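Keeping their order, the protein sequence lines are chains A and B.
Under the numbering used here, think of the first position of the first sequence as 14, with each following residue one higher.
Under the numbering used here, think of the first position of the second sequence as 4, with each following residue one higher.
We put the beta carbon where it would ideally sit given N, CA and C, even for glycine.
Note that the structure is a prediction, hence the values are computed from the model and not measured.
Quick notes on the structure that follows.
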Amino acid sequence: MSHIVTVRTQVRDPLALAAACRRLGLAVPSIGTAALFSGSAEGHRVQLPGWRYPVVFNTTTGESRYDNYGGQWGDPRMLNQLLQVYAVEKAKLEAHRQGHSITEQRLLDGSIKLVIRDSGSGGPVKGGAL
Amino acid sequence: MSHSTDRTLEIIISPTGQTRITARGYTGTACKAATRDLEKALGFVQSDTPTSDLYQSEDARETQRERG
Numbered sequence: 014m015s016h017i018v019t020v021r022t023q024v025r026d027p028l029a030l031a032a033a034c035r036r037l038g039l040a041v042p043s044i045g046t047a048a049l050f051s052g053s054a055e056g057h058r059v060q061l062p063g064w065r066y067p068v069v070f071n072t073t074t075g076e077s078r079y080d081n082y083g084g085q086w087g088d089p090r091m092l093n094q095l096l097q098v099y100a101v102e103k104a105k106l107e108a109h110r111q112g113h114s115i116t117e118q119r120l121l122d123g124s125i126k127l128v129i130r131d132s133g134s135g136g137p138v139k140g141g142a143l
Numbered sequence: 004m005s006h007s008t009d010r011t012l013e014i015i016i017s018p019t020g021q022t023r024i025t026a027r028g029y030t031g032t033a034c035k036a037a038t039r040d041l042e043k044a045l046g047f048v049q050s051d052t053p054t055s056d057l058y059q060s061e062d063a064r065e066t067q068r069e070r071g
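In structure tokens:
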């Protein structure tokens, strides 16, 4: 018996967000208020390549704010890529925290596959930079 | 003794950041418990579907082990 869970990513961990930015070659997020086209937003600011305004993540609520004008002021694929890599880094942090080993593999469709092996309580951490 | 290493969580993260978690090798309530922390860590659950693919899962794990 198994089960399949589908999860919508919410950015709530500043450490995983910073790790994702480093991995993508982006500047580490800065905390503060960012001016957007429509008002302003406070949180962890990430400047994506080619984006006119930063993306602002509120790690308390998991919400994000940005103005990319339907893609004309910023390619939404850049944000999707950041969310994908954030989820990878967050899953790795969680696996390591629980003492499990983890492997990573990029799939042909652009997805990233992680396999976490339950090593039981107190098992060695075998994962690492992948 | 390798029973503990037979329990795995397979996570597929799409290019849009959506995550699918599949728990294999767990029994009973341990199956739900195995994914709970990851679900909370990654975001909010959109769907949760039980499966009965035990035999397929066994085959997949054997294949993975051979490659690994």
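Please confirm whether residue 95/A has its beta-carbon closer than 9 Å to some beta-carbon of chain B. Counted from its first residue, the first sequence places residue 95/A at position 82. Yes, its Cβ sits closer than 9 Å to a Cβ of chain B.
Counting only C-beta atoms, is residue 122/A closer than 9 Å to chain B at any point? To locate residue 122/A, count along the first sequence from 1; it is residue 109. Yes, residue 122/A lies at the interface with chain B (some Cβ there is under 9 Å from its Cβ).
Can you tell which of 54/A, 103/A, 62/A has the C-alpha that lies nearest to the C-alpha of residue 89/A? Mapped onto the first sequence, residue 89/A falls at position 76. In this structure, 62/A is the residue among 54/A, 103/A, 62/A with its C-alpha nearest to the C-alpha of residue 89/A.
Please confirm whether residue 107/A has its beta-carbon closer than 9 Å to some beta-carbon of chain B. Here residue 107/A refers to the residue found at position 94 when the first sequence is read from its first residue. Answer yes: the Cβ-Cβ gap between residue 107/A and chain B drops below 9 Å somewhere.
The region 56 to 72 of chain A: positions lying closer than 9 Å to chain B by Cβ: So nothing in the stretch comes that close.
Taking three-plus beta-carbon pairs below 8 Å as touching, is the region 99 to 115 of chain A in contact with the region 18 to 31 of chain A? Yes, since at least three Cβ pairs between the region 99 to 115 of chain A and the region 18 to 31 of chain A fall closer than 8 Å, the two stretches touch.
Of all the options 33/B, 19/B, 18/B, 46/B, which has the alpha carbon lying nearest to the alpha carbon of residue 12/B? Translated into positions along the second sequence, residue 12/B becomes position 9. Of the residues 33/B, 19/B, 18/B, 46/B, the one whose Cα lies closest to the Cα of residue 12/B is 33/B.
Provide the residue(s) that pair with residue 21/A in DSSP beta bridges, ordered along the chain. Mapped onto the first sequence, residue 21/A falls at position 8. Per DSSP, 47/B.
Using a beta-carbon distance below 9 Å, is residue 31/A in contact with chain B? Taking the first sequence and counting its residues from 1, one reaches residue 31/A at position 18. Residue contact with chain B for residue 31/A: absent (no Cβ-Cβ distance below 9 Å to any residue of chain B).
Applying the criterion that 16 or more other CB atoms from any shown protein chain within 10 Å of the CB defines a buried residue, is residue 52/B buried or exposed? If you number the second sequence from 1, residue 52/B lands on position 49. Residue 52/B is exposed by the Cβ-count criterion.
Between the C-alpha atoms of residue 98/A and residue 23/A, what's the straight-line distance to the nearest angstrom? Position 85 of the first sequence holds residue 98/A. Position 10 of the first sequence holds residue 23/A. About 12 Å.
With a Cβ-Cβ cutoff of 9 Å, do residue 44/B and residue 37/B count as a contact? Here residue 44/B is taken as the residue at index 41 of the second sequence, counted from 1. Here residue 37/B is taken as the residue at index 34 of the second sequence, counted from 1. No, the Cβ-Cβ distance between residue 44/B and residue 37/B is not below 9 Å.
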